[in-house]
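Structure first, commentary second.
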């Protein structure tokens, strides 16, 4: 920071909460305590306004028009792409592909990189803590090609056993696909180390950043990963817009995933040629308003400061961890040394589904179930967990409300 | 607005804490597993049918209070009945729990205690899992799901 520059805005959660209109509402007659941010985050007014303004002022289809509105829409769309590129520290906007969500981003790589590099008897390595979206596309790829899926184990704290992962790498390994931050456990993985070791063996790495991109600073060049999947709706942006970062050299060599308008350069019935990056991977009309909304979310996050947000959330996570551990019969699932946001737990003698229903009646929104991570549930021998997940607008009062509501659960179900 | 006590009535809490017929039946004539993928309720149902009558019925499994209580209440209400009666009862129960709140429902005796689940639509599948599993067992399908 240069001398004389403005001091970073001090993180004040009351002011932040004021930015999110939905937090004013009630649930079942109680103030809403929204602790289901790992499922989706709420949106600040600026994001809602940006989307609304797009449709009110400049809506048109992008890239193909010659009239003023289409120019404005295209500029807004590509400006959004540039914002994402800067946010993730990609080398250029050509490395940012827009998809529908992180799941689609991963499927794109499974198809397009899979076709390029994965053959029968090759291997793909994932971890035991992955979300279904970072398991199933690879299972499908292995099924299609005759390749093998290998799974790196996790320990009882929910930490990835990195040495076991490295031991799985061999000359047949083509890709490692691993989460930056587990949605079920909150574990944050040592991506730089994993990428370094994988690259030593000529193995590419895809990182599932669906959860991470709003809790941690993501720098794809520092991570040096080959692909990074993220999603707008988990970082205070709208649903329906996802991001895939891909190393340009790799994306260049990959064939398109979806075919159609806008991803082509020329079309005849004999053959079609592809458009340049990143448009080669964006078929059809994109979610233009979604990109505008995502751009506004990135601006909002950047103005507040990712480090300030992370510090607030870490303090709350520590407070929440301590508070939940004091509740009789509660056991935390996922106690890695490096965690963010997530408090997954079970309660003696009470099924998570019942926990969720009862705390919901107190206005507290948490998630219960397998969290699209059935293998994680199996690993910890539980049918499901209750999961509270923290975002920048949560407070100690929110955690207290959850703990009080758990008291109601005990009262009700004994 | 409906109260939690409409859902977690004393009878339900009792059947959750002390589920009736919570065991296996060796070599049962009918068996099926039930699974509610949404929340992880699982149950294994054993039915012994002799000369068209359910002479014994039991279940095991892990699930939420509603699914366990519903299974327990079901085994109590079905034991000793003829198969036709049991199938009819499945239809009547299913109708009861899926009738929109505010509309009248048939009085099904002890089973009526689960009528409150209608005000908690997300939990209807918990209440009906055991019954879907029973139907699957009688139809000789190995696995039931609430999907």
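Chains as they are written, first to last, in our numbering: chain B, 2 to 415; chain W, 911 to 1057.
Positions of the beta carbon are idealized from the N, C-alpha and C atoms, including for glycine.
All values derive from a computational prediction rather than experimental measurement.
_Residues of chain W with CB closer than 7 Å to the CB of residue 384 (chain B), please, in chain order._
Neighbourhood of residue 384 (chain B) in chain W, by CB distance below 7 Å: 950, 952, 972, in chain order.
*Who are the near neighbours of residue 272 (chain B) in its chain, counting only those whose CB is closer than 7 Å to its CB and skipping five residues on each side?*
Same-chain partners within the cutoff: there are none.
*Taking residue 94 (chain B) as the reference, give the member of B:277, B:103, B:260, B:350 with the closest Cα.*
Residue 94 (chain B) has its Cα closest to that of B:277, out of B:277, B:103, B:260, B:350.
_Between residue 359 (chain B) and chain W, is the shortest Cβ-Cβ distance under 8 Å, so that the two count as touching?_
Chain W contact via Cβ: present.
*For residue 969 (chain W), name the three-state secondary structure that DSSP assigns.*
Secondary structure of residue 969 (chain W) (DSSP, three-state): strand.
*Which residues in chain B sit within 8 Å of residue 1030 (chain W), going by Cβ to Cβ distance?*
In chain order: 358.
*asked:* Extract the residue ranges of the alpha helix (DSSP H) inside the region 972-1030 of chain W, only unbroken runs of 4 or more that lie entirely within it.
replied: Listed in chain order, the alpha helix (DSSP H) elements of length 4 or more contained wholly in the region 972-1030 of chain W are 975-988, 993-1008.
*asked:* By DSSP's criteria, residue 340 (chain B) is part of a beta bridge. Which residues make up the other side?
replied: For residue 340 (chain B), which the question treats as bridged, DSSP gives the partners B:188.
*Are the C-beta of residue 927 (chain W) and some C-beta of chain B separated by less than 8 Å?*
Answer yes: the Cβ-Cβ gap between residue 927 (chain W) and chain B drops below 8 Å somewhere.
*If you draw a straight line from the C-alpha of residue 403 (chain B) to the C-alpha of residue 395 (chain B), how long is it?*
The straight-line gap from Cα to Cα measures roughly 12 Å.
*So which residues on chain B does residue 975 (chain W) lean against when the C-beta distance must stay under 7 Å?*
Chain B residues near residue 975 (chain W): 352, 355, 414.
*Go ahead and label residue 915 (chain W) buried or exposed: buried means 16 or more other beta carbons lie within 10 angstroms of its beta carbon, across all protein chains shown.*
Residue 915 (chain W) is exposed by the Cβ-count criterion.
*asked:* Considering only the alpha carbon of each residue, which of W:969, W:949, W:1029, W:994 lies closest to residue 1013 (chain W)?
replied: Comparing Cα-Cα distances from residue 1013 (chain W) to each of W:969, W:949, W:1029, W:994, the minimum goes to W:1029.
*Does the region 968-979 of chain W come close enough to the region 944-957 of chain W that 3 or more CB-CB pairs lie under 8 Å?*
Contact between the region 944-957 of chain W and the region 968-979 of chain W is present, because at least three Cβ pairs lie under 8 Å.
*My understanding is that residue 151 (chain B) touches residue 126 (chain B), with C-beta atoms under 8 Å, so please give their C-beta distance in whole angstroms.*
With a beta-carbon spacing of about 5 Å, residue 151 (chain B) and residue 126 (chain B) fall inside the 8 Å limit used to define contacts.
*Going along the chain, which unbroken runs of the beta strand (DSSP E) with 3 or more residues stay wholly within the region 81-115 of chain B?*
Every beta strand (DSSP E) stretch that sits fully inside the region 81-115 of chain B and reaches 3 residues is listed by chain position as 97-100.
*Straight-line CA distance for residue 1008 (chain W) to residue 941 (chain W)?*
About 26 Å.
*Helix, strand or coil for residue 943 (chain W) per DSSP?*
Looking at residue 943 (chain W) - three-state DSSP - the assignment turns out to be strand.
*For residue 1054 (chain W), which residues from the same chain have a beta carbon less than 6 Å from its beta carbon, with the 5 sequence-adjacent residues on both sides left out?*
So the list reads 942, 944, 1042, 1043, 1046, once near-sequence residues are dropped.
*Is there a Cβ from chain B that is less than 8 Å from the Cβ of residue 1033 (chain W)?*
So, interface residue.
*Go through its chain and collect everything with a Cβ distance to residue 196 (chain B)'s Cβ below 7 Å, but skip five positions before and after it.*
206, 224, 225, 226, listed in sequence order.
*asked:* My output table needs one value for residue 408 (chain B): the three-state DSSP class, helix, strand or coil.
replied: In the structure shown, residue 408 (chain B) adopts helical secondary structure according to DSSP, grouped into three states.
*Does residue 911 (chain W) get closer than 8 Å to chain B when you measure Cβ to Cβ?*
A caution first: residue 911 (chain W) carries a pLDDT of 46, below 50, which makes its placement in the model unreliable, though a value can still be read off. For residue 911 (chain W), the nearest CB of chain B lies under 8 Å from its own CB, placing it at the interface with that chain.
*In whole angstroms, what separates the C-alpha of residue 91 (chain B) from that of residue 301 (chain B)?*
The C-alpha of residue 91 (chain B) lies about 19 Å from the C-alpha of residue 301 (chain B).
*asked:* Residues of the region 363-383 of chain B in Cβ contact with chain W at a cutoff of 9 Å, in chain order, please.
replied: For the region 363-383 of chain B, which is checked against every Cβ of chain W, the residues closer than 9 Å are 369, 370, 371, 375, 378, 383.
*Grouping DSSP H, G and I as helix and E and B as strand, with all else coil, what is residue 269 (chain B)?*
The three-state secondary structure of residue 269 (chain B), taken from DSSP, is coil.
*List the residues that DSSP assigns as beta-bridge partners of residue 124 (chain B).*
Answer by DSSP bridge pairing, in chain order: B:149, B:174.
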